[in-house]
Amino acid sequence: MVRAVKRQDKAERIGVILDDLYPDPPVPLDHHDPYTLLVAVALSAQTTDKKVNEVTPALFALADTPEQMVELGPERILELIREIGLAPTKANNLWRAATQILEAGGEVIADWEFLESLAGVGHKTASVVMAQAFGVPAFPVDTHIHRLAARWGLSNGTTVERTERDLKAVFPIDTWNRRHLQIIFFGREWCPARNHDLAECPICSWAATKRRVAEESRPPRLR
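In terms of the numbering used here, the sequence shown is residues 40 to 262.
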């Protein structure tokens, strides 16, 4: 019980800091409707948002609807996204997902089961679309948010699924849709994965446990 209260207090203070730094965080992936957001998020797995934004203009110029994506075909899609990580798999998934959307009526809809049934669309991608395209409360957790939640003592989950549950428990539901974006931006600007001085971080400096500080202060092992 003591840990839960402490964790809640941390979350409230972190929320104040994040709201001050990023009061209206934008979606970092360029898009103009639910379908193009779905495509961009699907492409972003194991790839930087910057790289996705470099590739999608040419892709969306030719195919920004499921109908057009199906017409392009997997091989042409691959040519357009070749610089993206896991491009062959993603090209095939984009084509298959577009086909599934057409078979279901042609529209991306705000339905969890529908979104997660699409090729290449996992829970995290579906969560981003639900939150940012449709305004449905969701807390997408990628590896970066998973890392920061552990650093800050908000979750000790070993999986992103557990971290998602922990974050939903400590942040009010009406903050979820902006909070996950705020944490992403904070991680990029203040809280990198490597060579991070926790003592100088606006959040880690007080939220990280002594054990966590000690662990991250250790020099890497030589192999």
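Think of the CB as a built atom: it goes at the ideal place given N, C-alpha and C, for glycine as much as any other residue.
Counted within 10 angstroms of its Cβ, other Cβ atoms place residue i as buried (16 or more) or exposed
i              : result
glutamate 203  : buried
isoleucine 242 : buried
alanine 246    : buried
aspartate 293  : No answer is possible for residue 293: the residues shown for the chain start at 40 and end at 262.
asparagine 216 : buried
isoleucine 123 : buried
isoleucine 53  : buried
aspartate 48   : exposed
aspartate 181  : buried
valine 55      : exposed
arginine 227   : exposed
serine 83      : buried
threonine 75   : buried
alanine 137    : buried
arginine 218   : buried
Range of the contiguous alpha helix (DSSP H) that encloses residue i
i              : result
alanine 149    : Element bounds for alanine 149: n/a, residue is neither H nor E.
tyrosine 61    : Looking at the DSSP string, tyrosine 61 is not in any alpha helix (DSSP H), and its letter there is neither H nor E.
asparagine 92  : 88–101
alanine 126    : 126–142
asparagine 216 : 215–228
glutamine 85   : Element bounds for glutamine 85: n/a, residue is neither H nor E.
tryptophan 245 : 243–246
alanine 172    : 162–173
proline 113    : 105–120
isoleucine 184 : 182–190
arginine 204   : 199–209
arginine 233   : Here arginine 233 belongs to no alpha helix (DSSP H), and DSSP marks it neither H nor E.
glutamate 254  : 249–256
Contact check, residue i vs residue j, beta carbons under 7 Å
i                 : j              : result
valine 209        : arginine 46    : yes
leucine 133       : methionine 108 : yes
valine 168        : histidine 185  : no
proline 176       : isoleucine 223 : no
threonine 95      : alanine 79     : yes
phenylalanine 225 : leucine 206    : no
leucine 157       : glutamine 171  : no
cysteine 230      : leucine 187    : yes
alanine 97        : isoleucine 116 : no
leucine 237       : valine 147     : no
Reference residue i; option with closest CA among the options
i              : options                           : result
valine 66      : Leu141, Gln221, Glu114 and Ala50  : Gln221
glycine 174    : Ile184, Ala165 and Glu200         : Ala165
arginine 190   : Thr128, Arg135 and Ser256         : Ser256
tryptophan 151 : Leu141, Gly145, Ala158 and His162 : His162
lysine 195     : Asn234, Cys230, Glu146 and Arg250 : Lysine is not the amino acid found at residue 195; the sequence shown has asparagine there. Nearest option by C-alpha distance: Arg250.
threonine 128  : Phe153, Ala97, Glu239 and Val160  : Val160
glutamine 85   : Arg227, Ser244, Arg233 and His183 : His183
arginine 121   : Glu93, Leu141 and Glu106          : Glu93
arginine 283   : Leu111, Leu119, His70 and Glu118  : In the structure as shown, the chain starts at 40 and stops at 262, and residue 283 therefore has no counterpart that could be examined.
C-beta neighbour in chain D for residue i, strict 7 Å
i           : result
leucine 133 : No chain D is part of this structure, which consists of one protein chain only.
*Pairing CB atoms from the stretch 52–61 with CB atoms from the stretch 96–112, are three or more of them under 8 Å?*
Between the stretch 52–61 and the stretch 96–112 there are fewer than three inter-stretch CB-CB distances shorter than 8 Å, so the stretches are not counted as touching.
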